[in-house]
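Taking the working numbering, the leading residue of the sequence shown gets 346, the next gets one more, and so forth. Structure first, commentary second.
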Amino acid sequence: RSHSGKAVLDFMEKFPRDELFQASLGTLTEIADSVLHMQQRRRLRLFVRRDDYGRFLSCIVYLPRDRYNTRARLRMQSILASAVGGEPTVDFTARVTESVLARVYLVVRPPLGQVVPEVDVRALEQRLADAIRSWEDDLARAAREMLDEGEAMRLVSEYADAFPEAYKEDFGAGSAVHDLLCLENIDPDDGIALELYPLANVKAGEGRLKIFSTGEPLSLSQVLPLLTSLGVEVVDERPYRIETPEGPARVYDFGLRYRGEISEATGELFQDAFLACWRGIAEVDGFNRLVTSAGMPWRWVTVLRAYARYLRQAGTTFSSGYIEASLLANVPIARLLVDLFEARFDPGRQGAIPAEAESRVAKTDELVQRIYSALDGVASLDQDRILRSYLTLVCATLRTNYFQMDADGNAKPYLALKLEPARIEDLPRPKPRFEIFVYSPRVEGVHLRFGYVARGGLRWSDRREDYRTEVLGLVKAQMVKNAVIVPVGAKGGFYCKQLPDPTTDRDAWLVEGIACYTTFVSGLLDITDNRVDRRNVPPPSVVCHDGEDAYLVVAADKGTAAFSDIANGVAADYGFWLGDAFASGGSDGYDHKSMGITARGAWVSVQRHFREMGIDTRSDDFSCVGIGDMSGDVFGNCMLLSQHIRLLAAFDHRHIFIDPDPDPDDSHAERARLFALPRSSWGDYDPARISAGGGVFDRTLKSVPVTEPMRAALGLDAGTQTMTPPELITAILRAPVDLLWNGGIGTYVKASTEANADVGDKANDAIRVDGAELRCKAVAEGGNIGLTQLGRIEYARAGGRINTDFVDNSAGVDTSDHEVNIKILLDRVVAQGGLSHEDRNALLVEMTDEVATLVLRDNYDQNIAMASAVAQAPALLHVHSGWMRRLEKAGRLDRTLEFLPSQKEIDERLAAGQGLTAPELAVLLAYTKIVLADELLDSDVPDDPFLRNHLFGYFPSAMRQGHRRQMDEHPLRREIVATKVVNDFVNGAGITFFHRLSGETAATTAELARAHAVAEEIFGTRELMHQVNELDNEVAAELQVSMRLSIRTLSERATRWLVTNRRHLDAAAAVEHFDPVTQQVVRALPTLLVGRQLDALKRRAARLVSADVPDELASRIASLPPAYSALGIVDIARRDGVDALEAARLHFALSERLGLDRLVERIVALPRDDRWRTMARATLRDDLYAVQAQLTVKVLMSTPPEADPQQRIDAWVQAEGPVLKRSTDTLAEIYSDDAADLARLSVALRIVRSLL
């Protein structure tokens, strides 16, 4: 009655009856004892009885009840049948009750005619135990085998129920433990991990890939492109959802097919490349096949991909796909190219291997030769060209950030390459001095610089396929625009490749744009030198194959107007030496929109055009149409610069504004309201303030009704009733108004000889007009490239008044240049403790108006230079032609690229009496400044103490006294001086001054620039020019030009005299020698001249006075023709110790007596229609002045000093006797012929010289 007894009784009652009677007592006892003890142990027991005759095998299996199921029973049947062999039959009876044990009774009968073999019961029992063990048990066992006990227990407790049945069917517990560890180790930033693993007994080129994922499920559209790009084919996919404590995770098992074998090393590269693509630091494209095909790390592939992207931007005709295929077809060469890249730029440990290291040079030379040898075996000509382009680009690369690491020690997610375009043969012209290409999957961009010291804006481009073409077009204009400032031209542009749709989430769109801008700026700074303690410091981990290069300045442009503080923040993170001077216009800089400086600078051009038309913008109403809207800087500021603007029409990308008969005051007030309204548009214009027949029309309308007032204002045909918006915009551009103001973005005017495709602005193809179609009297370009250069020329040749965009809107870059150089200086003062940062900022604000004044003065002077150039254009065309040829020969000008006329076109214009147009002269003006500035920088002129005032005058007056030492120590002191000297030189002396005088005197740029500065100082011509400029709108513009040319003529003659007489070498000494006596003589000319010369002066003065020129100024201008003689007179007086005024009286009286003034008149009248005639004329004139000066000395030395000039001349005449009589008679005969030629005048000069 014991518990055990009851258990034995229960066992016996439930034991299979057949076995109960056939088994021996010992067997039953053993089974009963084992079963009783199994109640406390969860295990399987097998009891086997072989039939005495071998006819069957009787098997009783006891197992935990919860382990019994059909699948377990079938597995047991299979195992027992396999033990018997053949194809036995298996009968079974299962008993499952409330007991903890289930019992299965199985009888296994062998095939007919066979007997049951002896079996290993213990081995069978183990096989059965393994068969009925749960997958969870296997998981626990595998965990114990693979991990320490504590970690194994945790894993099993957390994940025992995590796996779906499908996973259990496909994978063992060991794989599960491995996969769980992979899931737990996933980088949360990635959200995935992966494992490429081979399978046994599969064909070559097949394998499997597991991707482990947390978070949101992966879609095939995310994964398949990545795998395909790596050169593998996905043949099946099995997803499994794993329940983890943190939420559902997933294991994706992919079947792969690929070419060849993927070794363990290549497998690692494959996985790294996949993750790089997944993280977004590598692109998904065919280049990734190089990972599996060539065994390249993904970063090597990134280098090759970046160069391919650059080739596409550089204009290669080969598609990206073909470039990929070319590399894949030539894997050994592709690897050599990367080897060459690394050989050139791997800095070695701690950057210890310089660029010129012997080992580096030897290695690169060897690789280049190996590549050339390998190229000989490339069968395809196109592939050969592509691979040679790669070789060229690698060799033309000067720096890269490839080997730099970020703060976490990881490779940077973008690549920056600094290139030397001159070494890249197929690049479009013009080729910049340096170019930086920044590449990443997120953003691409280029920065083009035409010199070491260069600046220009960074543009957010929307042109994915040709953003470099866009930037190159802009930098062409920037290059000539920057002729007025210290740095040469530069321009940058970047394209964001993963922008969200701004119509659905503009904030996200802006965030991405800022991130791309930050990456682009970082790429630029990564490979730019820094300055520390006035020393140049190269960037870390960068091998530099060029010289020192620390000047990098950027600015705002389209799309980046508000990004200056962002750029300065990046520069601050780099510790860049320029501080917030790196990007001008930030929160502590000059806000161009609030200053209105770009519009005000272009308005200077408008005022000049209108002066020449007799319109004063301050008092006369004038009509205008425009491109832009009042929210914009350039358009909005401009439309508020005069109360007399009658804005008849305007358009932007949203609206068309028409006001056929505006009230100037009323419309000005409404425009001012819109300008102050944030994000305003023409749609916000008060309809009540629009005149009858006008309105604001959306550009999306199908058609716009045309009213009679609109027809009258826009000069439309009487029958015009409706127009489409593009037609109406075209009509606005062609409107017969006084002014067309471009304050927008886009190109709206081309030449009739150009196709729209030539312009490169598809968005405006439908509205673009030809230059010859413009009916406005003047065009002003506040915005860039509103007209093509050929369009400008066509308009100008049709009689329109226009400069170029780089002349009109240069005030913006000029302001930024002043800001940068002021900050460089003041930051040094701050660093030295002489000023706090807050005081610096306050001083910047205080100087705002004066900076604007300095900048606008540059605009004014350049416009004055343009006015003078246009006035002389027909007469100087042959000189302009010679100067262009000279620049071309020196390799400084490409006349085709700059749309300057060919020699054939020049000959045609010469025959027609036409000259260069204003747009053409503007280009020549800029190139003249660029070339001369380069030559001055290579001379000692910037170091001449005499020219220090150019340095001081560049800065506002508030800085000139307290910071002169810092000005002298300014890092760009020489560049500032050279720029100021060149601008004063060319603006004051003209485009052809250097060309003509260097040809006549063989003087260098430095000699002529120094002599010209001395001449201006001696004669005070700058102050005189200022007085002429003050007469704007008070006298006729043509008269002002005439007076300026008279001043210029004097400066030119004086410069020639100083160079010829070698009096320019010491500028300060020359000025001391001649000044102020020379100006005293010139001012006294009305009292010193006699006879014909005095009469001529009075006539000139009277004409000027009658034209409203003030008396004193009229007298001074009228005195300029004979003023040149003062140099010789003063030189004689200083040398011989006589009074200069007395010497002058004698000089002019002698001229009157001999009629030398008449000889001068005839020499001046000689033709100068080619270089040689011009030189002969100048030589003859200068020789005459020299002889006259010598005659003056002779009379002074040979006559009594106490006598008056007339008496001294009489005495000299009497002493000369018959010789003088014969000479004067011959001279009189020559003078009598009004058509005297060079031969006769040469004889006359010889006669005069004989009097010496």
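Quick reminder that beta carbons are idealized off the backbone N, C-alpha and C, glycines included.
Residue range of the alpha helix (DSSP H) that residue i falls in?
i, result
"phenylalanine 1419", "1412–1419"
"cysteine 1121", "Where cysteine 1121 is concerned, there is no enclosing alpha helix (DSSP H), given that its DSSP letter is neither H nor E."
"aspartate 865", "Strictly speaking, residue 865 in this sequence is phenylalanine, with aspartate absent from that position. It spans 851–871 - the alpha helix (DSSP H) in which phenylalanine 865 sits, taken as one unbroken run."
"asparagine 1294", "1293–1299"
"alanine 947", "942–957"
"glycine 1333", "1318–1334"
"glycine 1344", "1338–1346"
"glutamate 1164", "1156–1176"
"glutamate 780", "Glutamate 780 -> not in any alpha helix (DSSP H); beta strand (DSSP E) instead, spanning 779–784."
"aspartate 581", "Per DSSP, aspartate 581 belongs to no alpha helix (DSSP H); it is in the beta strand (DSSP E), 578–589."
"alanine 719", "703–720"
"glycine 1473", "1470–1481"
"glutamate 1183", "1182–1191"
Output yes or no for whether 8 Å exceeds the beta carbon distance between residue i and residue j.
i, j, result
"serine 1155", "lysine 1443", "no"
"isoleucine 319", "threonine 1273", "What the structure shows of the chain is the stretch from 346 to 1597, and residue 319 is not part of that stretch, so it cannot be assessed."
"leucine 1277", "valine 1224", "no"
"proline 294", "arginine 1137", "For the chain, the structure presents residues 346 to 1597; residue 294 sits outside this window and is missing."
"glycine 1157", "histidine 937", "yes"
Helix, strand or coil for residue i? Go by DSSP, reduced to three states.
i, result
"methionine 750", "strand"
"phenylalanine 921", "coil"
"leucine 408", "strand"
"methionine 1068", "strand"
"serine 1012", "helix"
"alanine 621", "helix"
"isoleucine 830", "coil"
"glutamate 765", "coil"
"asparagine 881", "strand"
"glycine 904", "coil"
"proline 593", "strand"
"threonine 1075", "helix"
"leucine 1046", "coil"
"glutamate 1126", "strand"
"aspartate 436", "strand"
"phenylalanine 360", "coil"
"aspartate 1514", "coil"
Would you mind reading off the limits of the beta strand (DSSP E) that contains residue i?
i, result
"glycine 1365", "Element bounds for glycine 1365: n/a, residue is neither H nor E."
"asparagine 675", "Counting along the chain, asparagine 675 falls outside any beta strand (DSSP E), and DSSP gives it neither H nor E."
"alanine 799", "799–806"
"leucine 391", "390–395"
"tryptophan 1027", "Note, tryptophan 1027: premise wrong, no beta strand (DSSP E); not H, not E."
In its own chain, which residues sit with a C-beta less than 8 Å from the C-beta of residue i, not counting the 5 before and 5 after it?
i, result
"threonine 1349", "Glu1280, Ser1284 and Ser1343"
"proline 593", "Arg586 and Ile587"
"proline 456", "Gly431, Glu432 and Pro433"
"aspartate 630", "Ser574, Arg650, Ser665 and Glu669"
"valine 1104", "Thr1092, Lys1095, Asp1110, Arg1113 and Thr1133"
Leaving out five residues on either side along the sequence, give the residues of the same chain with a beta carbon under 6 Å from the beta carbon of residue i.
i, result
"tyrosine 812", "Ser806, Gly838 and Tyr840"
"histidine 1013", "Gln988"
"aspartate 850", "none"
"glycine 1039", "Ile1003, Asp1004 and Pro1005"
"threonine 1160", "Tyr935, Ile942 and Val1200"
Could you pull out every residue in the same chain whose Cβ sits closer than 7 Å to the Cβ of residue i, ignoring the five residues on either side in sequence?
i, result
"proline 1316", "Ile1169"
"valine 1540", "Leu1491, Leu1495, Arg1553, Ile1554 and Trp1557"
"glutamine 1385", "Val1373 and Leu1376"
Would residue i count as contacting chain B if we go by Cβ distances under 8 Å?
i, result
"alanine 1523", "Going by chain labels, chain B is absent from the structure shown, which holds only one protein chain."
| message | Quick check on the DSSP output: what are the complete alpha helix (DSSP H) runs of length 4 or more inside the stretch 489–561, in order along the chain? | response | Secondary structure in the stretch 489–561: the alpha helix (DSSP H) runs of 4 residues or longer, each lying completely within the stretch, are 494–504, 510–515 and 518–529 in chain order.
| In chain order, which alpha helix (DSSP H) runs of at least 4 residues are fully inside the stretch 438–494? | As far as the stretch 438–494 is concerned, its whole alpha helix (DSSP H) runs of at least 4 residues are 466–477 and 480–491.
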